[in-house]
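Notes follow once the structure below has been shown.
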Amino acid sequence: MNPAFDLLIDSGGRLVLVDEKGNRHENVRPARMFPLTDPEGWISLQGPSGEEVGFIENSKTLTRVQQAALSDAFAKRDFVPVVRSIDRISRAADGHLWHVTTDRGPTIFRIETDESIQQLGANRLVIVDDHNTRYLIPDIDKLDVESRRRLERYY
Amino acid sequence: MRFLAWSLAEIDEMELEEMGATASIHLIQGGIQTHAWRIMTGRVREADVFLGRFKDQHRIARSDLKLDPEALRPEGEDEEVVEGESEVKGFMAGPMVRLFVFAKTWHRLMVLGFLLTLASTATSLIAPWLTMALVDNVLIPLQSATEEVHVNQVYKFMAQLAGAGVLTWLLNWARTFVVARLAERVTSRMRRETFEHLQRLSLTYFNRKRTGDLISRIGSDTDHISLFLSVNFIEFVCDVLQCVFLAVILFWINPLLAVAAMGPAPLVGWLVSKVRGHLRGGFAAASRAWSAMNSVLSDTIPGVRVVKAFAQEQREIERFRATDKHIFDTNDRVNRMWSFFTPMIELLTDVGLLVVWAAGAWSVAHHHITVGVLTGFVLYIQKLYGRVESMSKFVAAAQRASASAHRVFEILDVKPDMPVNQGMRKVGRLSGEIDFKGVKFRHGSRQVIKGIDLKIAPGEMIGLVGPSGAGKTTLVNLACRFFDVSEGSIWVDGMDLRELDVEDYRKNLGLVLQEPYLFYGTIAENIAYGKPKATKAEIIAVARAARAHDFIMRTVDGYDSMVGERGQQLSGGERQRISIARALLIDPAILILDEATSSVDTETEREIQAALDYLVKGRTTIAIAHRLGTLRRANRLIVMEDGRIVETGTHDQLLNQSGTYARLHEAMMEVTSQ
């Protein structure tokens, strides 16, 4: 990567990109191109009005400090809990209430139709609840037997 | 049939005249029409071929001015056609037989299933046999108390009965498992083959068929077959085996009683044969009714916007209600027959049992048989009647499965009208030279393309313009080889298109249509549709080139965003740019743009135009457009009208000619200025 390139956090806590030509872009917003199938690679960096000012092909090639800056910026915007287990699924007035344990703790969410459960790749599922929050199941086979059985009824 | 013969010299000409639903061939002798034959439009193609041959022979004969008797044999043509038909008929033999041909791959499993069936049927007959001995050797002596009976004997019988029960259970378990497995494999293969076959059929077939009908054939009809194979058929085999065993045992125990017991059998047989035909018709009707309902569903649900916009919900409800009523009625008809049939069989078996009791009581009284034998006999005969009853149920199941199998085989029997195996020539990357030589194409009875000669150089961009119905899309479809030309030929890189391997050829082809179709999946998957192994870098690169990257990044999941059945969440222009990226990714030598910008607004058109400009660079391009602006980069504009090329040239040249193009251009300018 070009030596001029850098990613840093400025004093206001915002992400700053210095591109290959040395131009400085402040208040950049990182966005994953493949948030579900390749969260580590292909990160688009967008300026305040949404135009792309640069991109990172693989975040692992960044320095440790740059990676930290990037993940800090992501942490402020990203919220895709990973479902660890499905504890209960109950019928609600319209749709179903899912009681799950995620990597961010236990929660309850409501989904409306079967189409809210989408398959991505062989064993990977994304569940979109009625507030458009997305929950990720990275590998169905890694869920415990009980959770899988509950999931099977709906997917 | 009457055969007529003329020598070539007597005939001036033969002409084909189309008259809507029918056509006729006129024979002209000495300047007047002496004969005419009517043909159905379905046969126009054959007639065309025949006339083509005739003209060839005629020309040769004229130029040679002497007649060769072998040169023209019009009857030969007829014979060929008839032969082809009879071949198809022979192929259609019994759907049930063909069903078992499907199972041949798993013959080991089949033999295993059969052996298990045989064994489990045999063991289920042990219990009554033991009962016979139990009654005679234990129960009767116990009751009459004339002789000492050892308690051990009772235990022995109990143990034997229990053993027989457990053995039967085990064998039944194994049998059910093996048979269900086999049935699932057969139907899965059937579904797969039907779908694979469907994929090979040409567009013409799909244009004729209703989607819902095809869905229900592959979906529910194969399911009927699966149920039949795994449950009904195997039960039937068990029943037949048991009946045979039982009949043997019964005759062996006591022939007189056996004959008495068999009394109602012919009656049952007659009833079954009577009912069978009715049921089969009923089930076929039910399956058709079912697919009619599927058709309504697959018509109404995707078209829901139109339904709502015109406030026609009630009408669609009525339409659905009508098809549902149809299903209800046909099922009702079957059920009415059914509800009479089953109890009737029961009544007959009850009569048989009555006869056995009477004859048995008489025999016991006259000491011909013991009570034990009579008990065993009644147990066996009840089993036999039970089997007969369940066999009668098989009649219905078999008729339903046979009707379903027939509907599935109907798809499998459609010969691809595009002979895929004909072109075997493997090609790699083409340079993209296309040469239409005297191309004609007939759709049904209508001649759509009436002779096109057009040579397109590699990398040249051709704009096809002309009024609707001029045959532009048809010409493009011919170039894609969705259809085969009726006459003339298309040459690609100096090779006849019909000689090329279709799949190889289409790999060189990029298609951007007016209505971009996105499959249910992620945006990345949709872009990589023609090249599933594309890397992420490639996908992003083409998306950027197609000006799609920015809006993709505005969606929540970026390239991982799911697009619905028809990509509903995206606008028309966005979908179009994804389809351009899709075409760009396979880096085609030949590019077809069919009204790629027609369905979007001017602003979006500009965006798409930029993407298209990038796409057409260095590729042979055939672009159809109503918006003449789309064609500003075209090297040549071809103006088509009524299946023919009427003008050729650049924009300026054509304007100066003040012909069709100038008229179209003027009309368009008027619309824009308003």
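Line by line, the protein sequences give chains X and B.
Those letters in the first sequence? Residues 8 to 162, per our numbering, in order.
Those letters in the second sequence? Residues 140 to 813, per our numbering, in order.
Even for Gly, the Cβ is constructed at its ideal location relative to N, Cα and C.
Predicted model only: the values in this text are computed from it and were never measured.
- Query: Would you say residue 61(X) faces chain B, with C-beta separation under 8 Å as the test?
  - Reply: At least 8 Å separates the CB of residue 61(X) from every CB of chain B.
- 8 Å contact criterion, which residue 597(B) and residue 649(B) should meet: CB distance rounded: Not quite, the Cβ-Cβ distance comes to about 15 Å (not below 8 Å), so this is no contact.
- Residue ranges of each alpha helix (DSSP H) within the stretch 228-269 of chain B, 4 or longer: List check, alpha helix (DSSP H) in window: 234-241 and 246-262.
- Spell out a yes or no on whether the stretch 798-805 of chain B and the stretch 604-611 of chain B are touching, meaning 3 or more CB-CB pairs, one atom from each, closer than 8 Å. Put simply, the stretch 798-805 of chain B touches the stretch 604-611 of chain B. At least three CB pairs are less than 8 Å apart.
- Consult DSSP for residue 67(X) and reduce its assignment to one of helix, strand or coil. In the three-state DSSP reduction, residue 67(X) falls in the helix class (H, G or I).
- Item | Inter-residue Cα distance where the pair is residue 297(B) and residue 279(B) | When rounded, the distance between both Cα atoms is 16 Å.
- Task: List the residues that DSSP assigns as beta-bridge partners of residue 38(X).
- Result: Looking at the DSSP output, residue 38(X) sits in a beta bridge with 51(X).
- Task: Specify the secondary structure class of residue 735(B) as computed by DSSP and reduced to three states.
- Result: Note: residue 735(B) maps to coil in three-state DSSP.
- Message: residue 351(B) and residue 430(B) - do their beta-carbons sit closer together than 8 Å?
- Response: Contact flag set, yes.
- Message: Let me confirm a value: residue 375(B) is counted as buried when at least 16 other C-beta atoms fall within 10 Å, else exposed. Which label applies?
- Response: With 16 or more other Cβ atoms inside 10 Å of its own Cβ, residue 375(B) counts as buried.
- Message: Counting C-beta neighbours from all protein chains within 10 Å, is the total for residue 142(B) 16 or more, i.e. buried, or is it exposed?
- Response: Exposed, by the Cβ-count rule.
- Task: Look at the alpha carbon of residue 478(B) and the alpha carbon of residue 533(B), and state the distance between them as a whole number of angstroms.
- Result: Straight-line Cα distance between these residues: approximately 15 Å.
- Query: In whole angstroms, what separates the C-alpha of residue 320(B) from that of residue 190(B)?
  - Reply: So the two alpha carbons sit approximately 55 Å from each other.
- Message: What does the Cβ neighbour count give for residue 338(B), buried or exposed, with the cut at 16 atoms within 10 Å?
- Response: Exposed.
- Task: Return the residue from the list 146(X), 123(X) and 121(X) that minimises the CA-CA distance to residue 130(X).
- Result: The residue with the shortest Cα to Cα distance from residue 130(X) is 146(X).
- Item | Helix, strand or coil at residue 742(B) [DSSP, three-state] | Looking at residue 742(B) - three-state DSSP - the assignment turns out to be helix.
- Are the stretch 567-584 of chain B and the stretch 622-629 of chain B touching by the rule of at least three beta carbon pairs closer than 8 Å? Touching, yes.
- Message: Beta-carbon within less than 8 Å of residue 226(B)'s beta-carbon, same chain only, minus the 5 sequence neighbours each way: which residues are those?
- Response: At residue 226(B) the pLDDT is 34, less than 50, meaning the model places this residue with poor confidence; the figure from the coordinates comes in the next sentence. Excluding positions up to five away in sequence, the list is empty.
- Output the residue ranges of the beta strand (DSSP E) runs that lie fully inside the stretch 56-101 of chain X and measure 3 residues or longer, sorted by chain position. Fully enclosed beta strand (DSSP E) runs of 3 or longer: 59-65 and 90-98.
- Taking the continuous alpha helix (DSSP H) assigned at residue 297(B), which residues delimit it? Taken as a continuous stretch (DSSP letters only), the alpha helix (DSSP H) holding residue 297(B) covers 290-339.
- Item | Proximity test, Cβ basis, 8 Å: residue 716(B) and chain X | So no, residue 716(B) is outside the interface.
- Work out the CA separation of residue 743(B) and residue 132(X) for me, nearest whole Å. Roughly 34 Å between the two C-alpha positions.
- Where residue 672(B) falls: helix, strand or coil (DSSP): Coil, per DSSP.
- How many whole angstroms separate the CB atoms of residue 472(B) and residue 421(B), which I take to be in contact at a CB cut-off of 8 Å? So it is a contact: roughly 5 Å between Cβ atoms.
- Message: So, at 6 Å on beta carbons, what are the nonlocal neighbours of residue 555(B) in its own chain, with the 5 sequence-adjacent residues on each side left out?
- Response: Cβ within range, chain order: 339 and 340.
- Contact set for residue 317(B): own chain, Cβ-Cβ below 7 Å, skip 5 residues either direction: So the list reads 248, 251, 252 and 255, once near-sequence residues are dropped.
- Message: Taking 8 Å as the cut-off, does the stretch 687-704 of chain B touch the stretch 608-618 of chain B (at least 3 CB pairs, one atom from each stretch)?
- Response: In this structure the stretch 608-618 of chain B does not lie against the stretch 687-704 of chain B, because fewer than three pairs of beta carbons, one per stretch, are closer than 8 Å.
- Task: Step through the CB atoms of chain X and report whether any lies within less than 8 Å of the CB of residue 221(B).
- Result: Note that residue 221(B) scores a pLDDT of 33, beneath 50, so its modelled location is shaky and nothing firm can be said.
- Determine the burial state of residue 709(B): buried for a count of at least 16 other Cβ atoms within 10 Å of its Cβ, exposed for fewer. Burial call: buried.
- Item | Rounded C-alpha distance that separates residue 496(B) from residue 489(B) | Their Cα atoms are separated by approximately 11 Å.
- Query: Can you name, in chain order, every residue of its own chain whose Cβ lies under 7 Å from the Cβ of residue 148(X), other than the five neighbours on each side?
  - Reply: In its chain, beyond the 5 residues on either side, 130 have a beta carbon closer than 7 Å to the beta carbon of residue 148(X).
- Rounded to whole angstroms, what's the CA-CA distance from residue 89(X) to residue 144(X)? Just pull it up for me. Going from the Cα of residue 89(X) to the Cα of residue 144(X) covers about 6 Å.
- Item | Presumed contact (8 Å Cβ cut-off) between residue 714(B) and residue 655(B), rounded CB distance | Between residue 714(B) and residue 655(B) a beta carbon distance of about 4 Å is seen, short of the 8 Å cut, so the two are scored as contacting.
- Taking just the CA atoms, how far does residue 93(X) sit from residue 158(X)? Distance from the CA atom of residue 158(X) to the CA atom of residue 93(X), rounded to whole angstroms, is 8 Å.
- Item | Of the listed residues 23(X), 17(X) and 40(X), nearest to residue 694(B) (C-alpha basis) | Per the Cα distances, 40(X).
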